[in-house]
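Below you'll find the structure, written out as structure tokens, and then a few comments.
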Amino acid sequence: MYKIGIDIGGTKINIGLFDAEKKILLKNKKSYIKDITDLPVFIKNEIENICKEANASFSDIVSCGAGIPGTVSDDGKKILKVPNIEALTENFAAELENILLIPVRLVQDSRAAAWGEFLCGEGKGKNCLVCVTLGTGIGTGIVLNGEIFNGALGCAGELGHLPAEENGRACGCGKKGCLEKYCAGGGLDITAEEILGKGYKAADLFDAAAKGSEEAGIAINNAIRILGNGLVSIINLLSPDCLLFSGGLSVQEELYLNPLIEYIKNHCYTAAGRLPHIARAGLGENSPLYGAAFIPIKEKRKHFLSASIMCADILNMDKALSEIENSGIDYLHCDIMDNHFVPNLMLAPELLSKLRKGTSLPFDYHIMAENPETIIEKLDIKEGDFVSVHYESTIHLQRAVSMIKEKGAKAAVAINPATPVSVLDEILPQLDMVLIMSVNPGFAGQKIVPGIFDKITKLKKTLSDKALDNILIETDGNCSFENVPKMYNAGADMFVVGTSSVFKPDMSIKDGVEKLNKCLRK
Ligand code: DX5
Ligand code: ZN
33 MYKIGIDIGG TKINIGLFDA EKKILLKNKK SYIKDITDLP VFIKNEIENI
83 CKEANASFSD IVSCGAGIPG TVSDDGKKIL KVPNIEALTE NFAAELENIL
133 LIPVRLVQDS RAAAWGEFLC GEGKGKNCLV CVTLGTGIGT GIVLNGEIFN
183 GALGCAGELG HLPAEENGRA CGCGKKGCLE KYCAGGGLDI TAEEILGKGY
233 KAADLFDAAA KGSEEAGIAI NNAIRILGNG LVSIINLLSP DCLLFSGGLS
283 VQEELYLNPL IEYIKNHCYT AAGRLPHIAR AGLGENSPLY GAAFIPIKEK
333 RKHFLSASIM CADILNMDKA LSEIENSGID YLHCDIMDNH FVPNLMLAPE
383 LLSKLRKGTS LPFDYHIMAE NPETIIEKLD IKEGDFVSVH YESTIHLQRA
433 VSMIKEKGAK AAVAINPATP VSVLDEILPQ LDMVLIMSVN PGFAGQKIVP
483 GIFDKITKLK KTLSDKALDN ILIETDGNCS FENVPKMYNA GADMFVVGTS
533 SVFKPDMSIK DGVEKLNKCL RK
């Protein structure tokens with residue numbers, strides 16, 4: 033499983049390929065013309081090149097996050113405002129999603145940097161992290177109690193647009209005298225031209241100050257004071273435990289960053305001498321890539337229904353299969369039982385491969401048998417199938433999971449009601465799904481066992497903490513009209529539907545599915 037992180041600037045694009053453990057496998061830095069028309073195609077080609085170079089398969093990429101220098105909607109799907117980059121149209125995320133065929137979420141680049149530092153960098157484990165990107169402009173990302181803080185109106189962190197000079201230099205935000213027009217790269221370029229002459233840049237200003245130019249030194253100190261006051265305001269307002277600096281300008285440590293940090297420490301309000309941890313971002317220019325790649329994808333999750341074929345009308349299986357197929361069911365749940373691991377005997381692999389001929393639905397095999405490896409070998413696997421093996425049924429679980437993947441199916445581990453989620457810690461990154469038994473396996477028509485909803489919540493949190501949100505959670509047993517919404521809200525994505533919902537004597541399968549979907553939309 034891989035994720036893509038992209039950092040889109042005014043003239044360059046960084047693209048990083050990450051694995052499930054958040055390790056950056058490869059990074060590509062490309063300059064591009066900002067008014068490029070087919071930016072999504074350009075990005076897709078770049079990702080394909082990276083996959084080739086990293087010997088990774090494009091189809092194993094599960095999601096893509098892109099940091100942009102602008103304001104995006106909370107769900108990361110729409111660009112609300114971005115200064116002068118024609119290629120970043122309002123529906124850029126949807127266009128890129130159509131080209132890549134994976135979920136794409138956008139995030140403001142400074143927030144991506146903060147999120148990256150919180151997950152993998154200098155801000156790990158901090159409760160209130162402020163990360164200031166000192167680039168052409170100034171962006172500020174805030175991570176509060178483990179979540180990116182956008183503010184109620186989506187504009188949290190706009191430090192760069194604090195008013196610094198009455199009626200001062202015009203800013204891209206439409207106002208005059210903004211802080212970043214005096215303290216960021218772009219603003220210091222203007223100061224360099226004013227002091228050194230046309231064509232000079234911020235780097236020349238630092239050079240001149242290093243060589244003793246008093247005028248350049250005074251201008252830089254003035255910028256430090258303005259920026260320092262802005263940051264002291266943030267510290268006095270938020271009382272962060274961590275303040276980080278990233279972006280091109282943060283490399284000017286001696287003449288800019290260090291005196292700025294000194295200024296902040298001398299001017300901010302403290303109690304018992306406690307100061308925030310103030311440092312340069314640990315991941316350097318890669319911070320936004322990490323943050324974009326692992327941006328939490330918050331949205332109404334899609335749900336999937338997996339019809340338990342052992343509950344269908346065995347005497348009219350043909351009719352049952354076509355009804356199932358035309359009712360919006362996503363998978364055929366095939367229970368394989370050996371009368372040892374569970375006290376029931378059900379659905380041999382050979383019978384199931386004959387059943388395959390009567391439907392085009394993908395199979396969701398559920399192996400409830402000892403020596404599951406011997407069953408896995410016999411399964412007739414097609415693209416898109418899931419195979420669940422019980423944690424309790426083999427001492428070589430990793431080998432069984434590998435066998436499932438080698439056969440081309442998506443791998444899941446099932447756990448009985450009394451088996452804790454924690455047993456899955458080692459195997460999780462290799463899974464596509466976890467199957468939580470909500471009844472003791474073996475029979476249809478049972479009642480849900482207590483504690484299942486909390487168990488789903490606990491697993492969902494584990495997956496989110498490990499940035500493994502792409503792993504599905506399936507529940508199996510008494511997925512009724514009453515239980516499924518609670519299971520879904522607790523974090524489950526797929527439901528094994530049997531006699532509790534879609535195989536009812538007084539209701540067609542289609543009506544059962546419609547009633548379930550309605551319960552889930554509430
Ligand atoms: C349980 C079986 C499922 C399911 C049947 O071991 O794997 O087939 O529970 O659905 P219900 O519980 O709704 O009858
Ligand atoms: Zn099952």
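Quick note: the sequence shown uses our numbering, first residue 33, plus one each step. We put the CB at the ideal spot given by N, CA and C, even for glycine.
Residue burial classification, residue i (beta-carbon count within 10 angstroms, cutoff 16)
i	result
residue 250	exposed
residue 140	buried
residue 213	buried
residue 198	exposed
residue 187	exposed
residue 155	buried
residue 120	buried
residue 377	exposed
residue 392	exposed
residue 145	buried
residue 284	buried
residue 431	exposed
Length of the line joining the Cα atoms of residue i and residue j
i	j	result
residue 84	residue 354	42 Å
residue 126	residue 96	12 Å
residue 301	residue 452	47 Å
residue 62	residue 323	19 Å
residue 261	residue 228	26 Å
residue 265	residue 47	34 Å
residue 386	residue 367	15 Å
residue 520	residue 231	60 Å
residue 194	residue 277	18 Å
residue 6	residue 59	Because the chain is modelled from 33 through 554, residue 6 falls outside the range shown and cannot be assessed.
residue 196	residue 318	30 Å
residue 540	residue 365	18 Å
residue 407	residue 382	10 Å
residue 166	residue 189	13 Å
residue 471	residue 528	11 Å
Contact test: residue i Cβ vs the ligand ZN heavy atom, cutoff 7 Å
i	result
residue 365	yes
residue 398	yes
residue 528	yes
residue 508	yes
Start and end residues, alpha helix (DSSP H) containing residue i
i	result
residue 556	This structure cannot settle anything about residue 556, because the visible part of the chain is limited to 33 through 554.
residue 299	290 to 299
residue 83	71 to 86
residue 496	484 to 497
residue 373	First-last for residue 373: undefined, no H or E at that position.
Limits of the beta strand (DSSP E) - the one that residue i falls within
i	result
residue 506	504 to 508
residue 172	170 to 176
residue 140	136 to 140
residue 166	160 to 166
Check: residue i C-beta below 7 Å from any heavy atom of the ligand DX5
i	result
residue 345	no
residue 17	Residue coverage of the chain in this structure runs from 33 to 554, which leaves residue 17 outside it and unanswerable.
residue 103	no
residue 533	yes
residue 471	yes
residue 342	yes
residue 475	yes
residue 511	yes
residue 430	no
residue 462	no
residue 478	yes
For this session: Go through the stretch 386 to 413 residue by residue and report every complete run of the alpha helix (DSSP H) that reaches 4 residues or more, in order.
Result: 404 to 410
For this session: At 3 residues or longer, and completely inside the stretch 92 to 127: list those beta strand (DSSP E) runs for me, N to C.
Result: 93 to 100, 111 to 113
For this session: Could you tell me which uninterrupted beta strand (DSSP E) segments, each at least 3 residues in length, are contained entirely in the stretch 400 to 478, listed from first to last along the chain?
Result: 418 to 422, 442 to 447, 465 to 469
For this session: Starting from the N-terminal side, write out each stretch of the beta strand (DSSP E) that is 3 residues or longer and does not extend beyond the stretch 231 to 302.
Result: 274 to 278
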